[in-house]
Amino acid sequence: MSLQDQQAKYVIALDVGGTTLKAALTGPDNVPLFRARRDTATGGPAAVVDGILDFATELAAEGRARCGGPPAAAGLAVPGVVDEAAGVARYSANLGWRDLPLAGLLSERLAGVPVALSHDVRVGGLAEGRLGAGAGVGRFFFVALGTGIAGAIGVGDRMEPGAHGGAGEIGHVVVRPGGPRCGCGQYGCLETLASAAAVGRAWAEASGAAGASAADAARAVVAGDARAAAVWRAAVDALADGLLVVVNLLDPEVVIVGGGLAEAGETLLGPLRSALAAKATFQRLPTVVPAALGEAAGCLGAGLLAWDHVALPHTQEVSP
Numbered sequence: 002m003s004l005q006d007q008q009a010k011y012v013i014a015l016d017v018g019g020t021t022l023k024a025a026l027t028g029p030d031n032v033p034l035f036r037a038r039r040d041t042a043t044g045g046p047a048a049v050v051d052g053i054l055d056f057a058t059e060l061a062a063e064g065r066a067r068c069g070g071p072p073a074a075a076g077l078a079v080p081g082v083v084d085e086a087a088g089v090a091r092y093s094a095n096l097g098w099r100d101l102p103l104a105g106l107l108s109e110r111l112a113g114v115p116v117a118l119s120h121d122v123r124v125g126g127l128a129e130g131r132l133g134a135g136a137g138v139g140r141f142f143f144v145a146l147g148t149g150i151a152g153a154i155g156v157g158d159r160m161e162p163g164a165h166g167g168a169g170e171i172g173h174v175v176v177r178p179g180g181p182r183c184g185c186g187q188y189g190c191l192e193t194l195a196s197a198a199a200v201g202r203a204w205a206e207a208s209g210a211a212g213a214s215a216a217d218a219a220r221a222v223v224a225g226d227a228r229a230a231a232v233w234r235a236a237v238d239a240l241a242d243g244l245l246v247v248v249n250l251l252d253p254e255v256v257i258v259g260g261g262l263a264e265a266g267e268t269l270l271g272p273l274r275s276a277l278a279a280k281a282t283f284q285r286l287p288t289v290v291p292a293a294l295g296e297a298a299g300c301l302g303a304g305l306l307a308w309d310h311v312a313l314p315h316t317q318e319v320s321p
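Taken in order, the sequence shown gives residues 2 to 321; the numbers are from the numbering used here.
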């Protein structure tokens, strides 16, 4: 570690979403020194990248004003397929980029500050594993149920990216062959059936209420609406099938459920635990718990990623 790194007091943590950029300056104790957010730029992939780079430049200026020097590193969480070792965002359907050397571009904009790049759900899992619901757990699986579904594999206090950056893609496990067509080109992927977006679409169709959301469906379930209960059961059943695949392949101690659909709390988790138990035969089931950090997980995880990069800038994740 260089003298500059030893003296550094903060890192930049940046969580890139399809609609919002969330950021923080965090110290070595993971306490945010400053928080900010802004809308993700529109106008195509180049505009999105320019917006990210400009925002990071402003954050670095804020850090210099507050702490008297440059950041030790930057941690960047983005959606899609990410090659962490190369620092390349391979693909993002929502943001429209392919094979984008985002870590290098950001490091260049920040005058050589080292940059660590990772998948947004993996970064959220890193935060949950060290600071949230997975703290102290030897092996866990973090699943985020939002517009799509993605997962992250936690082993100790590290996250497993896989050989090509695709570990944890539970959303594209086919659980209903011949089911709805997925954006990936397959039919019956889990995220077409059990994501917050999928539940919202199903409830809108069942209720006749255009624009209804998964939260609306959850409220209707609590109110005793039989149509909502049927929509909910179908989604929970599909999710349990997907998680049983995770149990068979990874044998986690804990499954941590986050994302927008998880805001339903025990309305989701209670039936999910029961469905998993009913489907299991020989498997020893994990504990299923809600995520603890909410939307703060992305920035917290990006900060952890950056501090890890300071300590071990050339060390790749270790496979289990």
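By construction, the Cβ of each residue, glycine as well, lies at the ideal position given by its N, Cα and C atoms.
Note to self: Between the alpha carbons of Thr148 and Leu60, how many angstroms are there, rounded?
What the structure shows: Distance between the alpha carbons of Thr148 and Leu60 is about 28 angstroms.
Next item on the list: Using 10 angstroms around the beta-carbon of Leu305, count the other beta-carbons present and answer buried if the total reaches 16, otherwise exposed.
Entry: By the 10 Å Cβ count, Leu305 comes out buried.
Check: Using DSSP with H/G/I as helix, E/B as strand and the rest coil, what is Cys68?
Finding: Note: Cys68 maps to helix in three-state DSSP.
Next item on the list: Would you kindly check if the distance between the Cβ of Leu34 and the Cβ of Arg65 is under 8 angstroms?
Entry: In this structure, Leu34 does not lie closer than 8 angstroms to Arg65 by Cβ.
Check: Okay, do the segment 174 to 184 and the segment 207 to 226 touch, 3+ Cβ pairs below 8 angstroms being the bar?
Finding: The segment 174 to 184 vs the segment 207 to 226: no contact.
Item checked: Same chain, Cβ closer than 7 angstroms to Ser108, neighbours up to 5 away in sequence not counted -> By the criterion of a C-beta distance shorter than 7 angstroms, Ser108 is surrounded in its chain by Val114, Pro115 and Val116, once the five residues flanking it on both sides are discounted.
Check: Does the Cβ-Cβ distance between Thr21 and Arg38 come in under 8 angstroms?
Finding: Going by C-beta atoms, Thr21 is nearer than 8 angstroms to Arg38.
Check: How is Lys280 classed by DSSP in three states: helix, strand or coil?
Finding: When DSSP states are grouped into helix, strand and coil, Lys280 belongs to the helix group.
Check: With 16 other CB atoms within 10 Å as the buried threshold, where does Ser119 fall?
Finding: Here Ser119 is buried: its Cβ has 16 or more other Cβ atoms, across all protein chains shown, within 10 Å.
Notebook entry, point to check: Residues in its own chain within less than 6 angstroms of Gly261 by CB, not counting five upstream and five downstream?
Noted result: Exclusion of the five residues before and after Gly261 leaves Gly147 and Ala197 as the residues of its chain whose Cβ lies within less than 6 angstroms of its Cβ.
Notebook entry, point to check: Less than 8 angstroms separating the beta-carbons of Phe143 and Gly152?
Noted result: Yes. Within cutoff.
Next item on the list: Report the rounded CA-to-CA distance for Ala278 versus Arg285, giving the unit in angstroms.
Entry: A straight-line Cα-Cα distance of about 9 angstroms links Ala278 and Arg285.
Check: At a cut of 8 angstroms, does the segment 205 to 214 reach the segment 165 to 176 through at least three beta carbon pairs?
Finding: With a cut-off of 8 angstroms, the segment 165 to 176 and the segment 205 to 214 do not count as touching, because too few Cβ pairs lie within range.
Notebook entry, point to check: If we call anything under 8 angstroms between Cβ atoms a contact, is Val124 one with Ala78?
Noted result: Yes, they are a contact pair.
Notebook entry, point to check: Just how far apart, CA to CA, sit Ala134 and Pro291?
Noted result: Approximately 7 angstroms, taken between the alpha carbons.
Check: By Cβ distance, which residues of its chain are closer than 6 angstroms to Pro253, with the 5 residues on each side in sequence left out?
Finding: Apart from the 5 residues on each side of it in sequence, Pro253 sits with its Cβ closer than 6 angstroms to the Cβ of Arg140, Phe141, Phe142 and Pro287 in its chain, given in chain order.
Next item on the list: Check each candidate in Gly163, Ala239, Ala235 and Ala265 and name the one with the smallest Cα separation from Leu251.
Entry: It is Gly163 whose Cα lies nearest to the Cα of Leu251.
Next item on the list: Name the residue from Ala14, Arg131, Val32 and Leu15 whose alpha carbon lies nearest to the alpha carbon of Ile257.
Entry: Taking only the C-alpha atoms, the option nearest Ile257 is Arg131.
Next item on the list: Buried or exposed for Ala86, please, with buried defined as at least 16 other CB atoms from any protein chain shown within 10 angstroms of its CB.
Entry: Under this definition Ala86 is an exposed residue.
Notebook entry, point to check: Considering only the beta carbon of each residue, do Ile13 and Ala231 sit closer than 8 angstroms?
Noted result: In terms of Cβ geometry, Ile13 and Ala231 do not form a close pair [threshold 8 angstroms].
Checklist line | Counted within 10 angstroms of its Cβ, other Cβ atoms place Arg99 as buried (16 or more) or exposed | finding: Classified as exposed, Arg99 has fewer than 16 neighbouring CB atoms from the shown chains inside 10 Å of its CB.
Check: In the structure shown, what three-state DSSP assignment does Leu306 receive?
Finding: Residue state, collapsed to three classes: helix.
Margin query: What does the alpha-carbon distance come out to for the pair Ser93 and Ile53?
Written below: Linking Ser93 to Ile53 through their CA atoms gives a straight-line distance of about 15 angstroms.
Check: So, is Gln7 buried or exposed, given that buried needs 16 or more other C-beta atoms within 10 angstroms?
Finding: For Gln7, the pLDDT reaches just 42, beneath the cut-off of 50, and the residue's location in the model is therefore unreliable, leaving the point undetermined.
Check: What is the DSSP secondary structure of Leu77, counted as helix, strand or coil?
Finding: In the three-state scheme derived from DSSP, where H, G and I count as helix and E and B as strand, Leu77 is classed as strand.
Check: Hey, out of Asp55, Ala90 and Pro29, whose CA is closest to Leu41's CA?
Finding: The displayed chain sequence assigns Thr, not Leu, to residue 41. Measuring from the Cα of Thr41, the nearest candidate turns out to be Asp55.
Next item on the list: For the beta strand (DSSP E) holding Ser93, just list the boundary residues, first then last.
Entry: Taken as a continuous stretch (DSSP letters only), the beta strand (DSSP E) holding Ser93 covers Val89 to Ser93.
Notebook entry, point to check: If you follow the beta strand (DSSP E) that Gly167 is part of, which residue opens it and which one closes it?
Noted result: That residue, Gly167, is in no beta strand (DSSP E); it is neither H nor E in DSSP.
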